[in-house]
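K.L.:
By our numbering, the letter at position 303 of the sequence shown is numbered 430, and the numbering carries on one by one without gaps.
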Amino acid sequence: MHILHLAENLNFGGLETHIITLCHEFKKLGHRPFVFAMVMSREFQEQLKHLKIDYMVEISCSGLPEYITKNNIQALHGHPAATIHISAELGNKLDLPVAVTYHGLYGWGWHSHDKIAKIICVSREVYDKLAPVPGFSSKLEVIQNGIDLDTFSPSGVLGTGRQVLFIGRLDPDKYYSLNIIINALRSIPGIKLSVAGSGPYFDRLKSEAPPWVTCLGYVQNMPLIINQADIVIGTGRGIREAMACGKPAIALDACGYDGLVTPDKIEALEYQNFSGRSGGILNEENLLGDLRKLVENPDTRAEIGQWSRKYAAENYALTPIAIKHLAIYSQLINKEEYKYGKR
Numbered sequence: 128m129h130i131l132h133l134a135e136n137l138n139f140g141g142l143e144t145h146i147i148t149l150c151h152e153f154k155k156l157g158h159r160p161f162v163f164a165m166v167m168s169r170e171f172q173e174q175l176k177h178l179k180i181d182y183m184v185e186i187s188c189s190g191l192p193e194y195i196t197k198n199n200i201q202a203l204h205g206h207p208a209a210t211i212h213i214s215a216e217l218g219n220k221l222d223l224p225v226a227v228t229y230h231g232l233y234g235w236g237w238h239s240h241d242k243i244a245k246i247i248c249v250s251r252e253v254y255d256k257l258a259p260v261p262g263f264s265s266k267l268e269v270i271q272n273g274i275d276l277d278t279f280s281p282s283g284v285l286g287t288g289r290q291v292l293f294i295g296r297l298d299p300d301k302y303y304s305l306n307i308i309i310n311a312l313r314s315i316p317g318i319k320l321s322v323a324g325s326g327p328y329f330d331r332l333k334s335e336a337p338p339w340v341t342c343l344g345y346v347q348n349m350p351l352i353i354n355q356a357d358i359v360i361g362t363g364r365g366i367r368e369a370m371a372c373g374k375p376a377i378a379l380d381a382c383g384y385d386g387l388v389t390p391d392k393i394e395a396l397e398y399q400n401f402s403g404r405s406g407g408i409l410n411e412e413n414l415l416g417d418l419r420k421l422v423e424n425p426d427t428r429a430e431i432g433q434w435s436r437k438y439a440a441e442n443y444a445l446t447p448i449a450i451k452h453l454a455i456y457s458q459l460i461n462k463e464e465y466k467y468g469k470r
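1. Distance check for Leu320 and Ile309, CA to CA, integer angstroms please.
2. Report back the beta-carbon spacing between Ile243 and Val260 to the nearest angstrom; my notes put them in contact at under 8 Å.
3. Cβ atoms of Leu137 and Ser168: under 8 Å apart, would you say?
4. Going straight from the alpha carbon of Gly218 to that of Asp181, what length do you get?
5. Comparing alpha-carbon positions, which option in Gly365, Ile393 and Ile307 lies nearest Leu414?
6. Alpha carbon to alpha carbon, how far is Lys420 from Ile455? Give it in angstroms, no decimals.
7. Using 8 Å as the Cβ pair cut-off and three pairs as the minimum, do the region 369-376 and the region 322-340 touch?
8. Report yes or no: do the region 438-447 and the region 268-275 share at least 3 C-beta pairs separated by less than 8 Å?
9. Near Tyr254, which residues of its chain fall below 7 Å by C-beta distance, leaving aside the five closest residues on each side in sequence?
10. Straight-line CA distance for Asn400 to Leu203?
11. Can you tell me where the alpha helix (DSSP H) holding Glu143 begins and where it ends?
12. Is Ser435 buried or exposed, if buried means 16 or more other CB atoms sit within 10 Å of its CB?
13. Only counting the same chain, and skipping five residues up and downstream in sequence, which positions put a Cβ closer than 7 Å to that of Lys466?
14. Could you round the C-beta distance between Gly409 and Phe153 to whole angstroms and report it? I think they count as a contact, below 8 Å.
15. With 16 other CB atoms within 10 Å as the buried threshold, where does Leu131 fall?
16. How is Ala215 classed by DSSP in three states: helix, strand or coil?
17. Quick check: the Cα distance between His129 and Gln172, rounded to an integer number of angstroms?
18. How would you call Thr228, buried or exposed, if buried means at least 16 neighbouring beta carbons within 10 angstroms?
19. In three-state terms, what does DSSP make of Val184?
20. Can you tell me whether Asn424 is buried or exposed? The criterion is at least 16 other CB atoms within 10 Å of its CB, across all chains shown.
21. Would Tyr345 and Asp298 be called neighbours here (beta carbons separated by less than 8 Å)?
22. Spell out the partners DSSP gives Ala323 in its beta bridges.
23. Assign Pro390 to one of two classes, buried (16 or more other C-beta atoms within 10 Å of its C-beta) or exposed (fewer than that).
24. Could you pull out every residue in the same chain whose Cβ sits closer than 7 Å to the Cβ of Arg364, ignoring the five residues on either side in sequence?
25. By the DSSP assignment, the alpha helix (DSSP H) with Tyr398 in it spans what residues?
26. Use the C-beta contact count for Glu394: other C-beta atoms within 10 angstroms, 16 or more gives buried, fewer gives exposed.
27. Apart from the five residues on each side of it in sequence, which residues of its chain come closer than 8 Å, Cβ to Cβ, to Tyr443?
28. Whole angstroms are fine: how far does the CA of Gly295 sit from the CA of Leu305?
29. Is Ile450 helix, strand or coil when you go by DSSP?
Quick look at the structure:
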């Protein structure tokens with residue numbers, strides 16, 4: 128199948144990694160993915176070239192219909208926010224089925240959803256938010272982010288407990304969170320913090336950070352960086368990647384504190400996609416309590432890490448998740464009732 132993924136701005140973050148990981152898996156399964164964005168970073172384009180995934184970048188979108196026709200695209204997959212309307216209109220114009228993925232509680236665009244055949248939700252929380260909207264329930268399906276478990280796998284080395292890694296795009300929310308993290312870590316002797324991520328606050332953070340903080344910027348080999356850490360802090364996909372590598376993970380964001388990901392909390396935290404919205408308060412005291420449990424107890428780190436890997440292997444494996452997407456595309460392409468003008 129030839130499937131075009133459409134996004135607004137592809138730099139690097141959870142959404143972007145999700146798209147590129149899925150497309151790579153589709154290729155391995157014998158399909159041909161395409162990627163379109165209005166804006167796309169040089170690093171993202173280099174990744175697509177390396178993986179030999181076809182792509183197009185155009186701010187105006189005026190060349191999209193010709194590109195779609197030329198490459199025999201069979202279905203469109205939009206990744207909101209701005210692409211909902213574009214995807215829907217293109218599907219209507221070219222008589223192609225359209226699916227969209229909501230990656231969080233943002234990017235709602237009700238006006239175009241009558242032209243969308245399938246709505247994929249990355250968490251049950253997103254599903255529950257959308258389900259009450261008239262006409263939506265039959266279109267919804269929950270498919271979580273998938274992780275390549277061969278690439279993201281444990282190194283088998285248990286460190287000192289003092290290597291902490293933060294994963295996240297450096298926007299205002301993450302900058303706010305990092306200031307709390309840095310202040311909390313100051314009281315732990317010998318601690319080291321690495322920050323993996325680029326964004327508008329990268330230069331500011333780098334200029335302000337104490338000597339024991341390393342700002343890595345954009346990281347291409349994320350599994351290596353995760354495996355060099357003892358504890359990983361982040362949100363969403365970053366938590367899943369850490370778990371796949373067998374690392375204890377702490378989920379937080381500017382909106383709140385989820386805390387340490389453990390068996391007794393996994394269902395509630397996964398429901399909200401490890402977003403920091405579970406009701407905990409993000410402050411130095413709460414964070415420091417969880418950090419000390421891990422830093423001071425290697426057995427606790429090892430136990431949580433082993434459970435994390437097992438859980439990720441059972442729930443986040445990439446191939447079954449890619450196959451779920453392919454099944455949706457096949458259904459949309461082959462069922463006439465999903466094609467515009469054929470209803």
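Just so you know, even glycine gets a beta-carbon here, dropped at the ideal spot from N, CA and C.
P.N.:
Reading from the atomic positions:
1. 8 Å
2. Rounded, the Cβ-Cβ distance is 12 Å, inconsistent with contact.
3. yes
4. 20 Å
5. Ile307
6. 43 Å
7. no
8. Because the criterion of three Cβ pairs below 8 Å is met, the region 438-447 and the region 268-275 touch.
9. Cys248, Leu267 and Val269
10. Distance between the alpha carbons of Asn400 and Leu203: 25 Å.
11. Gly141 to Lys155
12. Burial call: buried.
13. Note on Lys466: pLDDT 48, under 50, position unreliable in the model; no value is reported.
14. Going by the sequence as given, residue 409 is Leu instead of Gly. Leu409 to Phe153, Cβ: 37 Å. No contact.
15. buried
16. helix
17. Rounded to the nearest angstrom, the two C-alpha atoms are 19 Å apart.
18. buried
19. strand
20. exposed
21. Inclusion of Tyr345 and Asp298 in the CB contact set at 8 Å is not warranted, their separation being larger than that value.
22. Ile294 and Gly344
23. exposed
24. Within the same chain, Cβ atoms closer than 7 Å to the Cβ of Arg364 are found at Gly141, Thr144, His145 and Asn272, the five residues on either side in sequence being excluded.
25. Ile393 to Tyr398
26. Glu394 is exposed by the Cβ-count criterion.
27. Gln271, Asn272, Gly273, Ile274, Leu276, Arg367, Met370 and Ala371
28. Roughly 10 Å separates the two Cα atoms.
29. Residue state, collapsed to three classes: helix.
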